[in-house]
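Step one of this worksheet: look at the structure below.
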Amino acid sequence: MSPVWQTIRRSFVLLTFLWLSAAQAAVPDTPAKGVLYKAQSGEKTLYLFGSVHLARESFYPLPDSFEQAYRAADTVVVETDPSDTQAMMQAAPMMVYPGSEKLEQHLRPATWKKLQQQTGGQTAGFQMMRAPVVATALISQLFSSDQFSAAQGIDLYVIRRAREDKKDLQQLESMAFQIQQLVDLSDAEADEMLSQTLDSLRDGSAKRETEQLLTAWVRGDEQKLAQIFAASAARDAGSHKMLKRLLDDRNVTMTEKIEQLVQSGRQVLVVVGAGHLVGARSIPDLLRQRGYRITRVK
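Under mature numbering (1 follows the signal peptide of the UniProt record, and there is no 0), read the sequence shown as residues -25 to -1, 1 to 273, first letter to last.
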């Protein structure tokens, strides 16, 4: 498995968290409640569960409401399957610069200096990587000593169970598409992302902000999650643009694919990042606009 791909999957949601402003909070060491919705249109029903890609053992077992939705489903839908080795290898070249280009050539001198300071001058291993991939590699180290891991992430857990139970497993996005959302930035945008990442690592805000979001998810506090993302989007133009790219724009295409599956008569459970399920322009909000009745399942 490509080490670079491991970092990108481990940190995809964490990159979104970097654009948030939040207070410090310790993540509860208890089973997670998560965020679950029921969407109904006529006789058709689907469930939407908000996941986190980084978790720890204490988050399990998942709540009974999730288990009931899982058992009722014949089709489990996830964002993408990170265990697809072939897709992983095909997408890996997107994460590095072409030819002999180096990271240093794509960054402002001030950002390069920050990276050197953060790594103690050990930047050689980053020179091939695109700036957003470097950001994910740095962020992925945040919780390495706190018993969090991508291997225990909710999406991988659900994928393993669905395969064991021989449920139909569908993906809303390809790995290549997800990576493209991170690397298809101008040099100026990528520089800003990496610069903000380095700043947040230096002052400790990256870990504090991620802890607050994980805490809200563990407690099943969808209102708090929505407030955090809404405040972030209103914070500045860069944050608004990034969250629109990572959440709002993807929600539209995800919703269309979800509805197609439901209309085909399947019993569907959708498991996507929790940020896709809260607030305005979320998947539940878009389904509501299409005539679905949305219920928060406790």
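No residue lacks a Cβ here, since even glycine has one placed at the ideal position from N, Cα and C.
It should be emphasised that the depicted structure is a prediction, and the values quoted were computed from it without experimental measurement.
Since I believe Arg268 is in contact with Gln92 (beta carbons under 8 Å), could you give me their beta-carbon distance rounded to a whole number of angstroms? About 53 Å separates the two Cβ atoms, so there is no contact after all.
Got a sec? Which residues, its chain only, sit under 7 Å from Val237 by beta carbon, not counting five neighbours each side? Cβ within range, chain order: Lys19, Leu21 and Val243.
Nearest-angstrom Cα distance between Asp162 and Gly240? Linking Asp162 to Gly240 through their CA atoms gives a straight-line distance of about 45 Å.
In terms of residue numbering, what span does the beta strand (DSSP E) encompassing Thr270 cover? Unbroken beta strand (DSSP E) run through Thr270: Arg268 to Val272.
Three-way DSSP call (helix, strand, coil) for Leu90 in this model: Three-state result, Leu90: helix.
In the DSSP assignment, the beta strand (DSSP E) including Gln146 goes from what residue to what residue? First-last of the beta strand (DSSP E) with Gln146: Asp143 to Gln146.
Considering only residues of the same chain and omitting the five flanking positions on each side of Ala(-3), which have a CB-CB separation below 6 Å? Residue placement at Ala(-3) cannot be trusted, given a pLDDT of 32 that sits under 50; what the coordinates show is reported in the next sentence. Counting only Cβ-Cβ distances below 6 Å, and skipping sequence neighbours, we find nothing.
Secondary structure of Val253, DSSP reduced to three states: In the structure shown, Val253 sits in coil (DSSP, three-state: anything other than H, G, I, E or B).
Specify, as a first and last residue, the run of the beta strand (DSSP E) that Lys232 falls within. Going by DSSP, Lys232 is part of no beta strand (DSSP E) but of the alpha helix (DSSP H) stretching over Asp224 to Gln238.
Going by beta-carbon coordinates alone, are Val51 and Ala137 separated by less than 8 Å? A contact, by the Cβ cut-off of 8 Å.
Would you say Leu169 and Leu188 are within 8 Å of each other, going by their C-beta atoms? Contact check for Leu169 against Leu188 fails: the beta carbons are separated by 8 Å or more.
Stretch pair the region 148 to 167 + the region 78 to 85: three plus CB contacts closer than 8 Å: Short answer: they touch.
Span separating the alpha-carbon of Gln146 from that of Asp166: Distance between the alpha carbons of Gln146 and Asp166 is about 31 Å.
Distance, Ala99 Cα to Lys142 Cα: CA-CA distance, Lys142 to Ala99, rounds to 44 Å.
Quick check: what's the CA-CA separation for Asp4 versus Val193? Looking at the two C-alpha atoms, the distance is approximately 9 Å.
Pull the bridge partners of Tyr12 from the DSSP assignment, please. Beta-bridge pairing links Tyr12 to Leu23 and Arg271.
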